[in-house]
Structures are given as structure tokens and as C-alpha cells.
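Colleague:
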């Protein structure tokens with residue numbers, strides 16, 4: 008059974024399953040089942056069994072799942088049995104909040120370099136790093152073999168910075184700008200777009 | 008044709024269409040078509056025509072769309088022909104970055120109150136507001152008739168704060184915490200979950 012054919016929407020749910028398994032593990036629980044996972048996630052038990060079946064199942068029929076085992080398997084499937092180095096571009100208000108956020112490091116991602124083009128920001132200390140001149144962006148990405156970038160720059164320069172990131176070897180971009188990035192098919196982009204999310208919800212309000 | 012039956016995934020794309028129409032309008036353009044919208048958004052022209060057909064079409068067959076008209080219609084459909092007051096809970100690093108973000112106000116959402124429970128933060132000035140004691144949360148929401156909240160608190164208190172927000176009348180929550188909120192069916196939640204997005208992309212990396 009090849010995991011490579013798994014629909015992207017299923018892959019997108021695996022981090023949610025992993026988060027619940029981490030919680031169960033912290034609570035000292037050793038086993039769980041699709042009903043419990045479903046209740047914690049607001050999904051049906053059938054959905055969870057179907058999603059996990061893409062990877063071969065993980066449970067004895069009727070016996071549920073071993074928390075530690077399923078957790079490790081999900082970490083392996085998502086390539087989280089390592090720490091991914093991440094480059095952050097943009098040291099404005101948002102960039103600084105992101106650099107200080109402990110959740111990245113706790114979950115497999117370490118910001119190892121921060122860049123900005125503002126002489127007032129270059130050289131400042133930030134979350135144990137020093138803000139570097141964006142002129143060195145490509146050199147650092149290549150030297151450290153970084154594949155993941157967080158983009159927190161003004162929208163008007165987002166595409167130009169993304170082009171530079173991709174040319175230097177970045178293959179996954181967490182895009183905090185409202186710009187819609189044009190990227191090659193082998194580069195993944197996930198948009199963090201709070202305005203669009205608010206507008207989406209406003210549809211349902213009166 | 009009732010817009011209320013429109014699939015939620017279609018509603019979720021309307022803010023993206025609106026953003027492109029805003030760009031076209033700023034560029035001084037008066038007409039566009041589904042091909043151009045598709046190219047700017049990375050969607051097919053057929054998808055865009057199908058999405059807009061849920062609301063009656065907006066274009067003469069073969070003649071494309073009038074930018075100003077379609078923009079106004081999307082704003083009306085999304086209930087953006089008004090400014091929505093928003094309450095922000097949490098004045099930590101992330102909360103402060105969100106309070107300072109001009110994109111909310113520019114796109115129909117105005118943060119009108121900020122709360123925290125930290126005596127060190129209560130009373131501080133933030134983006135033209137004063138951080139208030141979270142004890143006053145319900146009173147302010149009710150007094151101002153606020154329906155939308157941005158949640159930027161520690162994960163361990165997220166559910167308790169959400170419960171208070173909902174009891175006071177909040178109907179839409181932009182959730183910046185990694186907690187999976189349990190909410191009644193008439194309350195909308197959109198999760199901003201950068202860790203899950205990074206983990207999702209890591210699946211495709213090697």
C-alpha cells in the first residue's frame with residue numbers, strides 16, 4: 008500500500024491526529040480508538056478509520072490503537088522524526104512574534120535564521136538569533152540545506168522574495184502575506200490568511 | 008437562487024476572488040473574466056464560473072465581468088458592506104502583532120477591544136486601544152454587540168475563554184491557539200494553525 012497516493016486533504020488531517028495523540032500521551036494514556044479520536048477532533052470515527060487505512064490501518068480490528076505506536080507512525084509518515092531547519096524572512100511585528108513562538112521548536116521545526124532588509128532591524132537579537140541582511144538569504148539557505156521558509160514580508164515584495172527562496176532550494180513556504188504566490192509544482196505553499204478567514208465567517212453572520 | 012445552500016468550500020474561496028478584484032480595481036481595470044481570475048488565483052476558469060454561478064452568475068455570457076460590480080456583489084454576499092467590530096483576547100507577542108496589523112481594518116474588521124488577564128499587560132496602550140482586564144470581557148461584548156473574536160491566548164485556557172465568548176454572544180472565532188475548540192453548531196471557528204501547516208508540508212519533503 009503506497010502512502011504517496013494519499014489525498015492531500017487526508018495528509019492535512021494527520022497533524023491534527025498527531026496533536027491529539029500527543030495530548031493522550033501526555034495524559035498517560037496507552038490506548039485509544041477511532042471514537043475517542045473523533046470526539047476530540049469533531050470528526051466521525053469512520054472518517055478517522057478511513058484516513059488511517061491509507062497507511063495500512065495501525066489497529067487490530069476492534070482493539071483500537073496503541074497511542075505510542077500510532078504517534079510514532081504518524082511522526083514517521085509526516086517526516087517529523089527529525090528537526091527541520093526553517094528560515095524566517097521578515098522581522099516586523101509578525102516576524103518577531105513568530106520567532107518567539109515556542110510551538111515550532113516543540114513540534115519539529117526550528118527557525119535557524121531570520122532575515123530583513125531594514126537597516127534598523129539588521130543586527131538585532133531575536134529569539135537567540137541575529138537578524139541578518141536579506142542579501143545573504145541564498146547563501147544561508149544553501150549552506151544550511153534549508154527546505155522550509157516562513158514568509159512574513161510586506162505583500163508587495165512577497166513574490167520576489169518567494170522567487171529567491173525557491174531558486175535557493177526552498178521547497179515549502181508558510182506564507183503569512185496576503186499575496187497569492189506563483190510557484191513551481193514541486194514547491195508547496197500554505198497560506199495563513201486571517202482576513203480571508205474572517206471574511207469567510209462573516210458570510211454566516213447577520 | 009438561494010445563496011444559503013452554497014457549499015462552505017465555495018464560500019471560503021469568495022474572499023480570494025474579492026482580493027483579486029480589489030487588486031484589479033486598484034490597477035484601474037474595469038472588466039475581467041474567469042480566465043484572468045483563474046490565472047491570478049491558480050484555479051481553473053471553469054471552477055470560478057461554477058463558484059460564481061451559485062449566486063446567479065454576474066457576467067453576460069462571453070462578455071466577462073465588470074470589476075466594480077462583481078466586487079460590490081461579493082462584498083454584499085460576504086456581508087462586508089459594513090465594518091465588523093472584533094474583540095481580541097490575548098495581548099502577548101502574537102496578540103500585539105495582530106492588534107497592529109492594518110489588514111483587518113482595511114478589509115472590513117476593526118479590533119475595538121483587547122483583553123488580557125496579566126496585570127502587567129492590563130492598562131497598556133495597544134494600537135490606539137487600552138488592554139482591558141478579561142473580567143470585563145462579557146460586559147464589553149454585550150454592550151458593543153460584538154459577534155467576532157480573535158483568540159490569541161495560551162492553549163490551556165482556550166476552551167474556557169471560548170465558552171465565555173460564546174455565552175456573551177460571539178458567533179465567529181478566529182482561533183490562533185492549537186486547541187481544538189468545542190462549540191455549538193451556530194458558532195463558526197476558523198483555526199490558524201501554522202504548526203499543522205508546516206507538518207502537512209513536511210510530508211512532501213525528503
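Protein chains in written order, with our numbering: chain A, 8 to 213; chain B, 8 to 213. Every residue, glycine too, gets a C-beta built ideally from N, C-alpha and C.
Would you say residue 85 of chain B lies against chain A (beta-carbon separation less than 8 Å)?
Modeller: Cβ-Cβ to chain A under 8 Å: yes for residue 85 of chain B.
Colleague: Exposed or buried, what is residue 205 of chain B when buried is set at 16 or more other beta-carbons lying within 10 Å of its beta-carbon?
Modeller: buried
Colleague: With a CB to CB cut of under 8 Å and the five nearest residues on each side skipped, what residues in its chain are close to residue 36 of chain A?
Modeller: In the same chain as residue 36 of chain A, and ignoring 5 residues on each side of it, the C-beta atoms closer than 8 Å to its own belong to 74, in chain order.
Colleague: Going along the chain, which residues of its own chain have a beta-carbon closer than 8 Å to the beta-carbon of residue 190 of chain B, five neighbours each way excluded?
Modeller: For residue 190 of chain B, same chain residues with a beta-carbon under 8 Å away, outside a window of 5 residues either side, are 169, 173, 180, 196 in chain order.
Colleague: Report the rounded CA-to-CA distance for residue 10 of chain A versus residue 59 of chain A, giving the unit in angstroms.
Modeller: Low confidence applies to residue 10 of chain A: its pLDDT is 45, below 50, so where it sits in the model is not reliable, and the reading given next is rough at best. Rounded to whole angstroms, residue 10 of chain A to residue 59 of chain A spans 10 Å at the Cα level.
Colleague: DSSP state of residue 111 of chain A, grouped into three classes?
Modeller: helix
Colleague: With a cut-off of 8 Å, do at least 3 Cβ pairs link the region 33 to 47 of chain B to the region 86 to 99 of chain B?
Modeller: no
Colleague: Can you find a C-beta in chain C that's less than 8 Å from the C-beta of residue 154 of chain A?
Modeller: As a matter of chain content, chain C is missing from the structure shown, whose protein chains are A and B.
Colleague: Could you tell me which residues DSSP puts in a beta bridge with residue 157 of chain B?
Modeller: Partner(s): B:95, B:181.
Colleague: Which residues does DSSP list as the beta-bridge partners of residue 116 of chain B?
Modeller: B:91
Colleague: Here's a check: name, in chain order, each residue in its chain whose Cβ is nearer than 6 Å to the Cβ of residue 147 of chain B, leaving out the five neighbours to either side.
Modeller: 120
Colleague: For residue 105 of chain B, collect the residues of the same chain with a Cβ closer than 7 Å to its Cβ; drop the 5 residues on either side in sequence, then sort them by chain order.
Modeller: 95, 157, 159
Colleague: For residue 127 of chain A, which of helix, strand or coil comes out of DSSP?
Modeller: coil
Colleague: Taking residue 19 of chain A and residue 207 of chain B to be in contact with their CB atoms under 8 Å, please state how far apart those CB atoms are, rounded to whole angstroms.
Modeller: 5 Å
Colleague: Taking a contact to mean a Cβ-Cβ separation below 8 Å, would you say residue 187 of chain A touches residue 145 of chain A in this structure?
Modeller: No, the pair does not count as a contact, with Cβ atoms beyond the cut-off.
Colleague: In terms of residues, what are the limits of the alpha helix (DSSP H) holding residue 25 of chain B?
Modeller: 15 to 33
Colleague: When you compare the CB of residue 204 of chain B with every CB in chain A, is at least one pair closer than 8 Å?
Modeller: yes
Colleague: Going by DSSP, name the residue or residues bridged to residue 74 of chain B.
Modeller: In DSSP, residue 74 of chain B forms no bridge with anything.
Colleague: Using three-state DSSP, classify residue 195 of chain A as helix, strand or coil.
Modeller: strand
Colleague: Closer than 8 Å, CB to CB, is residue 100 of chain A near chain B or not?
Modeller: True, the Cβ-Cβ gap to chain B drops below 8 Å.
Colleague: Going along the chain, which residues of its own chain have a beta-carbon closer than 6 Å to the beta-carbon of residue 45 of chain B, five neighbours each way excluded?
Modeller: Excluding positions up to five away in sequence, the list reads 51, 52, 55.
Colleague: At the level of alpha carbons, what is the spacing between residue 113 of chain A and residue 167 of chain B?
Modeller: One Cα belongs to residue 113 of chain A, the other to residue 167 of chain B, and the distance between them is close to 24 Å.
Colleague: Tell me the residue span of the alpha helix (DSSP H) that contains residue 44 of chain A.
Modeller: 41 to 48
Colleague: Using a C-beta cutoff of 8 Å, does residue 8 of chain A count as contacting chain B?
Modeller: For residue 8 of chain A, the predicted structure reports a pLDDT of 45, less than 50, and the residue's modelled location is therefore unreliable. A value from the coordinates is still provided. With 8 Å as the cut-off, residue 8 of chain A does not count as an interface residue toward chain B.
Colleague: Which first and last residues belong to the beta strand (DSSP E) in which residue 136 of chain B is found?
Modeller: 136 to 140
Colleague: I want to see whether chain A comes within less than 8 Å of residue 209 of chain B, judged by CB atoms only; does it?
Modeller: yes
Colleague: Contact criterion: CB-CB distance below 8 Å. Does residue 201 of chain B meet it with respect to chain A?
Modeller: yes
Colleague: Have a look at B:101, B:198, B:41 and flag the residue whose alpha-carbon is nearest the alpha-carbon of residue 57 of chain B.
Modeller: B:41
Colleague: Which residues in chain A have a C-beta closer than 9 Å to the C-beta of residue 59 of chain B? List them in chain order.
Modeller: Within chain A, not a single residue places a beta-carbon under 9 Å from that of residue 59 of chain B; the smallest gap is close to 15 Å.
Colleague: Considering only C-alpha positions, which residue in the set B:26, B:213, B:165 is nearest to residue 123 of chain B?
Modeller: Checked all of B:26, B:213, B:165; the closest Cα to residue 123 of chain B is B:165.
Colleague: Please tell me whether residue 107 of chain A has its Cβ less than 8 Å away from any Cβ of chain B.
Modeller: Residue contact check for residue 107 of chain A against chain B: a CB pair falls below 8 Å.
Colleague: If contacts are defined as beta-carbon pairs under 8 Å, then residue 133 of chain B and residue 98 of chain B qualify, I think. What distance do you get, rounded to the angstrom?
Modeller: 6 Å
Colleague: Tell me whether residue 81 of chain A sits in a helix, a strand or coil according to DSSP, three-state version.
Modeller: helix
Colleague: Going by other Cβ atoms of all chains shown within 10 Å of its Cβ, with 16 needed for buried, is residue 149 of chain B buried or exposed?
Modeller: Per the 10 Å Cβ criterion, exposed.
Colleague: Starting from residue 170 of chain B, trace the alpha helix (DSSP H) both ways and give me its first and last residue.
Modeller: Counting along the chain, the alpha helix (DSSP H) containing residue 170 of chain B begins and ends at 165 to 175.
Colleague: Using only alpha-carbon positions, find the residue among A:155, A:72, A:12, A:211 that is nearest to residue 91 of chain A.
Modeller: A:155
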